[in-house]
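Quick note on numbering: the UniProt record's numbering labels position 122 of the sequence shown as 122, and the sequence is numbered without any gaps.
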Amino acid sequence: MKKLFIDYEICNRCPECVVRCSYIFHPGNNGIISLREQIAFNFACRRCDDYPCVNSCPTRALKREDGIITRSNFMCISCKSCALACPFGTIDIDWLLYSKNRCDVCAESRIDENQRFICVQSCPYGALKVLENEPEDKKHLYEIEKNIIVRVINWLELYQIKK
Numbered sequence: 001m002k003k004l005f006i007d008y009e010i011c012n013r014c015p016e017c018v019v020r021c022s023y024i025f026h027p028g029n030n031g032i033i034s035l036r037e038q039i040a041f042n043f044a045c046r047r048c049d050d051y052p053c054v055n056s057c058p059t060r061a062l063k064r065e066d067g068i069i070t071r072s073n074f075m076c077i078s079c080k081s082c083a084l085a086c087p088f089g090t091i092d093i094d095w096l097l098y099s100k101n102r103c104d105v106c107a108e109s110r111i112d113e114n115q116r117f118i119c120v121q122s123c124p125y126g127a128l129k130v131l132e133n134e135p136e137d138k139k140h141l142y143e144i145e146k147n148i149i150v151r152v153i154n155w156l157e158l159y160q161i162k163k
């Protein structure tokens, strides 16, 4: 089955995401931004002992469960305190929008075949592709959502850190 493939190392180097999305209700018409946030919190976050990002949030929109940071959109006021507090720059201020939607991988029920994967077509750096990959730890391929695979160096595995 074809899946959306994100090469996070390429995607994360992009100075400003210009990827378009077929789902017009994504904030700024860019659904990749919320996926980048999810990838960073799951794989790039350094899991600081004192979690300065969580502690800096005035509305307690960030939570730390099982060592993984999550953000509540309903509570986030987009003040960017967490991004400023992160000592490793893992949190990108462009993610901190007031609303966030999930990628539905261009659900066939809502879109014509010729309009599918506009994100892949509009990514100028080739970080997005449509491939038939499966998750595989040895190749650093992880499924972050149904039918969305990301290639990313998992910081926890790289340094053999327990959650």
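Note that CB positions come from ideal geometry on N, CA and C, so glycine has one too.
Cβ-Cβ distance between residue i and residue j below 8 Å
i, j, result
"Ser78", "Ser56", "no"
"Glu132", "Lys3", "yes"
"Cys11", "Ile118", "no"
"Ile91", "Cys53", "yes"
"Phe5", "Val130", "yes"
Cβ-based burial, residue i [other Cβ within 10 Å; buried from 16]
i, result
"Arg71", "buried"
"Lys163", "Legend: pLDDT at Lys163 = 47, less than 50; position of this residue unreliable, no value from coordinates given."
"Arg36", "buried"
Residue range of the alpha helix (DSSP H) that includes residue i
i, result
"Arg36", "Ile32 to Ile39"
Straight-line gap, residue i to residue j (C-alpha atoms, nearest Å)
i, j, result
"Arg116", "Ile39", "22 Å"
"Phe74", "Leu62", "11 Å"
"His140", "Asn154", "7 Å"
"residue 167", "Ile33", "Nothing in the structure corresponds to residue 167, since the chain is present only between 1 and 163."
"Leu128", "Cys17", "12 Å"
Integer Cβ distance of residue i from residue j, believed to fall under 8 Å
i, j, result
"Tyr8", "Arg151", "6 Å"
"Ile69", "Cys103", "Wrong, their Cβ atoms sit about 19 Å apart, outside the cutoff."
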